[in-house]
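S.K.: So for the sequence shown, my numbering puts the first residue at -2; every next one is plus one.
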Amino acid sequence: MNFAGWMIANEAGLRLLAFATVLATLALAERAWPVRGDARPSRRQMHNAGLVIIDTALLRLAFPVLAVALAASLEASGTGLFNQLGWPLWISVPLAVLVLDLAIYWQHRLMHQIPLLWRMHRVHHSDLAMDVTTGVRFHPLEIALSMGIKLGLITLLGAPALAVVIFEVVLSLGSLFTHTDIALPRRLDHAMRRVLVTPSMHRIHHSTLREETDSNYGFHLSVWDRLFGSYRAEPKRDEARMPLGLEEFRERDDQRLLALLWQPARRDRRPPADPPD
């Protein structure tokens, strides 16, 4: 078995090991070099952990075939665009990862623009602080919808299983990194932003100001925000003190696990995207 085959065969264990290692490392880093102090132990972190447990159980129950298994099956049967083209892995793998990343950028952007989708996604944005646990705070409906979209796209593309493994690992680890309560040295941050999303860049996306919330949609690559006009370089307020979350969900009861699960049923009370002067 070659290295690619070994990665695919051991995908679940590799993802769990990478996730646990990066989570622990970033949790220690944000306690050692905090920007805001959002990583201090609190109940919100328990509620965020509760969501990821529910999300994981839902995926296992609702989707008998997940992304990597589907990609491997399509590869074996020669189904999908990439499998028909027969390009070598050194072309098809990075290209497929790039296409999947572009797709998740637009999915994220539409989550903000379509009211029904925003009701699911705002559970993520209603966190009043931002630390590594915010990176796993997603409503089960959003997780299920995202998996359905991903499976459909993988089927259409016939994305190589190795590309899907890489994308899935990068997706989960990138979400942890970009939500971490750390700030890189300014020069390093600006250098990295030419290619990658950094915690300071993504923190703007969690601002209470809607014009900032509706910006910086990228998960990994900053190029999509620059290319499609959604990049914002700096927040209006200092990142160490600016309020995060949503104005309509700031009470303690709004942050309880059951309230988060019920939140998509509550009406949207956001201010308009372009308020009149």
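C-beta: ideal position from N, C-alpha, C; glycine also. In this text, all values refer to a predicted model and were calculated from it rather than measured experimentally.
Confirm, please, whether the CB-CB distance from D178 to V32 is below 7 Å.
M.R.: It is a contact, given that the beta carbons lie within the stated cut-off.
S.K.: Quick check on the DSSP output: the alpha helix (DSSP H) that includes L97 runs from which residue to which?
M.R.: Its alpha helix (DSSP H) spans residues 86 to 110.
S.K.: Per DSSP, L193 forms a beta bridge with which residues?
M.R.: L218.
S.K.: E157 to T76, Cα distance in whole Å?
M.R.: Here residue 157 turns out to be Pro, not Glu, going by the sequence shown. Using only the alpha carbons, I get a separation of about 11 Å.
S.K.: Relative to the alpha-carbon of A141, which residue among D35, L114, G242 has its alpha-carbon at the smallest distance?
M.R.: A141 has its Cα closest to that of L114, out of D35, L114, G242.
S.K.: Measure the alpha-carbon distance for K233 versus E208 and round it to whole angstroms.
M.R.: Cα to Cα, the separation comes out at about 10 Å.
S.K.: Please name the residue, chosen from A126, L107, L125, that lies closest to M117 on a Cα-to-Cα basis.
M.R.: The residue with the shortest Cα to Cα distance from M117 is L107.
S.K.: How many whole angstroms separate the CB atoms of H205 and L150, which I take to be in contact at a CB cut-off of 8 Å?
M.R.: As written in the sequence, residue 205 is Thr, which differs from the His given in the question. Contact flag wrong, Cβ pair sits at about 32 Å.
S.K.: If contact is defined by three or more beta carbon pairs under 8 Å, each pair taking one atom from either stretch, is the segment 245 to 254 in contact with the segment 127 to 138?
M.R.: No, the segment 127 to 138 is not in contact with the segment 245 to 254.
S.K.: Please specify which runs of the alpha helix (DSSP H), each continuous and at least 4 residues long, are wholly inside the segment 19 to 89, giving them in chain order.
M.R.: Fully enclosed alpha helix (DSSP H) runs of 4 or longer: 40 to 59, 64 to 74, 78 to 82.
S.K.: What's the C-alpha gap between L170 and R119?
M.R.: Roughly 21 Å between the two C-alpha positions.
S.K.: Quick check on DSSP: helix, strand or coil for S204?
M.R.: In the structure shown, S204 sits in a strand (DSSP, three-state: E or B).
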